[in-house]
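Trainee: Following the working numbering, the numbering of the sequence shown begins with -8 at its first residue and continues without gaps.
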Amino acid sequence: MRSQFTLSELNRLWVAYAQTAEFSFAREEAFKKKFLDGMHQIAREQANQPITSGVRSAAPLCEEYSSIVSEAHRQYWNTGGTLSDSRASAQASKVNPTFAYATQGEGCIAHYGTAPLPAFHLAPAFASSTPRTPTVAQMYDIARKQFQAWCDTFRSCIRSTGGTTVVLRLVVGDVLAVCHTLHNALSTNSTTAHHCISAWHSTFLELDGDEEVSPSRYNVIDTSNLCDHIGMLNILIAATPLLAPTPSATLYTETLLVPEQDPIVWFSNSLCGDVMTMSALLDLIPLSLASGFSTHSNVHEILAHHSSNDVLRASQYHECIGRKIPSLLSGDLYTGNITVNDPDCLVRLLFNVYLKMFGYENMGAIFQHINVDAI
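What follows is the structure in structure tokens.
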């Protein structure tokens, strides 16, 4: 499972990375200046802004972590590394080319929210009996130890199964195009579904014929926070057919941006319909809704969302939801088919979903919120 476009993009980036080792002194200095100018520009833009992206790593002790995460984030963007020693940091003079090349060309292409610490569990550092707040250097030490533990566990897991290698299959393309192409290959054995690689490419995404057997369905699909960018329904409709037909198969969605003031209302609106009804139509239900409980605490999100005066933070509410196929959880031979006794009711339901999907194009709804007296 790969595509010729993916291989050509990988080759283009690897060649760009390798060529930096052969830069002349003048070319290397120009390359470094262009990268640092972009990096410092982002650092200046964030200088007076509260940094909240990393506080979730210490939840439920996020309030104790808020000041140190801001310090760590600004230090990372000002120096480009995680070295706390200023002299050691000054000696790190080489630009990492993997942060300098992308589709748009050369420069600092790292996302403004990039930071090392948010990927680790940092609450234990603040739950210590020692009253002193840990330093940034100590936080990095904790993160490195956790990373080492994860690597050791992963290595042991691979060895315990008798395996010696890990296979990574990569496809470069628009997420919806990739999902629809994989689904089409699963159902028709065709290598393309005639979807463009991305919005700015006219070439169709086409998979190469595999000499080896690649998985066609997956036990776990993690969509990150793509829902914030292309919509919840788009993700669920495109990715669900790729789930393995087993009770353990899970599709994860994450959301961070909340347009409405009430995150609960937004969750229903993101599906463009009632949660239970849409779950039945999609044959995909949030696991916490099906079981009646959740192992993921978001109390800190609720408190931060309702108590913060900062507009950016108040518009964020991180929610990670695992979804499963309910027809496979029933324990019987139910196939997932829905019996409709009132076709008119189904028509009204689907029409209302359609209206909500394209609500931003409803000029009447937009103008009804305009205060004429204020004009």
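Just so it is clear, CB atoms sit at the ideal spot from N, CA and C, and this is done for glycine as well.
Suppose you measure from the CA of Y209 to the CA of A240; what does that come to, to the nearest Å?
Mentor: Near 7 Å, if we compare the C-alpha coordinates of A240 and Y209.
Trainee: Return the CA-CA distance between G153 and A140, expressed in angstroms with no decimal places.
Mentor: Distance between the alpha carbons of G153 and A140 is about 20 Å.
Trainee: In the DSSP output, what is Y209 paired with across the bridge?
Mentor: Y209 pairs with L234.
Trainee: What are the boundary residues of the alpha helix (DSSP H) that H309 is part of?
Mentor: H309 -> not in any alpha helix (DSSP H); beta strand (DSSP E) instead, spanning 307 to 315.
Trainee: Quick check on this structure: which residue in F90, G98, L108, S58 has the alpha carbon closest to the alpha carbon of T73?
Mentor: Nearest C-alpha to T73: L108.
Trainee: Measuring alpha carbon to alpha carbon, tell me which residue in H112, I149, T11, F90 is nearest E136.
Mentor: Reading the sequence as shown, one finds Lys at residue 136 and not Glu. It is H112 whose Cα lies nearest to the Cα of K136.
Trainee: Can you name the start and end residues of the beta strand (DSSP E) that L196 belongs to?
Mentor: Segment 195 to 197, the beta strand (DSSP E) holding L196.
Trainee: What residue range is occupied by the uninterrupted beta strand (DSSP E) comprising C187?
Mentor: Counting along the chain, the beta strand (DSSP E) containing C187 begins and ends at 183 to 187.
Trainee: In the DSSP assignment, what residue or residues form a beta bridge with P115?
Mentor: The partner list for P115 (beta bridge, DSSP) is empty, contrary to what the question assumes.
Trainee: Would you tell me roughly how many angstroms separate the C-alpha atoms of L346 and L340, rounded to the nearest one?
Mentor: In a straight line, the C-alpha of L346 is about 10 Å away from that of L340.
Trainee: Could you spell out the range, first to last residue, of the alpha helix (DSSP H) harbouring E245?
Mentor: First-last for E245: 241 to 248, but that is the beta strand (DSSP E), not the alpha helix (DSSP H).
Trainee: Taking the DSSP output, what are the residues bridged to Y92?
Mentor: For Y92, which the question treats as bridged, DSSP gives the partners E97.
Trainee: According to DSSP, what are the bridge partners of S(-6)?
Mentor: Partner(s): L198.
Trainee: Please report whether the beta-carbon of F26 lies at a distance below 9 Å from any beta-carbon of chain C.
Mentor: Looking for chain C here will not work: only one protein chain is present.
Trainee: For A50 and V290, I'd like the C-alpha separation in whole angstroms.
Mentor: C-alpha separation (whole angstroms): 9 Å.
Trainee: Inspect the CB distances between the segment 213 to 227 and the segment 262 to 274 and report whether three or more fall short of 8 Å.
Mentor: As far as the Cβ criterion goes, the segment 213 to 227 touches the segment 262 to 274, which means the pair count is three or higher.
Trainee: What's the call for H164, buried or exposed, on a 16-neighbour Cβ count within 10 Å?
Mentor: Here residue 164 turns out to be Gly, not His, going by the sequence shown. Under this definition G164 is a buried residue.
Trainee: Excluding five sequence neighbours on each side, which residues of the same chain lie with their C-beta closer than 7 Å to the C-beta of L319?
Mentor: Taken in chain order, the residues that qualify are P236, T237, P238.
Trainee: When the Cα of L198 is compared with those of T183, A190, H220, T214, which residue comes out closest?
Mentor: Minimum Cα distance to L198 is reached at T183.
Trainee: Relative to the alpha-carbon of G96, which residue among R150, L4, A230 has its alpha-carbon at the smallest distance?
Mentor: Residue L4 is the option with its Cα nearest to G96.
Trainee: Taking only three categories from DSSP, how would you classify I226?
Mentor: In the structure shown, I226 sits in a helix (DSSP, three-state: H, G or I).
Trainee: Note down, in chain order, each residue of its chain lying with its Cβ closer than 7 Å to the Cβ of K25, except the 5 sequence neighbours on either side.
Mentor: The answer, listed in chain order, is E97, G98.
Trainee: Within the continuous alpha helix (DSSP H) that includes V256, where are the two ends?
Mentor: Per DSSP, V256 belongs to the alpha helix (DSSP H) from 254 to 261.
Trainee: Quick check: what's the CA-CA separation for R150 versus P206?
Mentor: Each residue's Cα considered, the two are about 21 Å apart.
Trainee: Which of the three DSSP states is assigned to I276 in this structure?
Mentor: I276 falls in the strand class under three-state DSSP.
Trainee: Taking the alpha carbon of T330 as the point to measure from, which residue in T268, G29, C142, I276 has its own alpha carbon closest?
Mentor: Among T268, G29, C142, I276, the Cα nearest to that of T330 belongs to T268.
Trainee: With respect to the alpha helix (DSSP H) encompassing H171, which residues constitute its N-terminal and C-terminal limits?
Mentor: Its alpha helix (DSSP H) spans residues 166 to 179.
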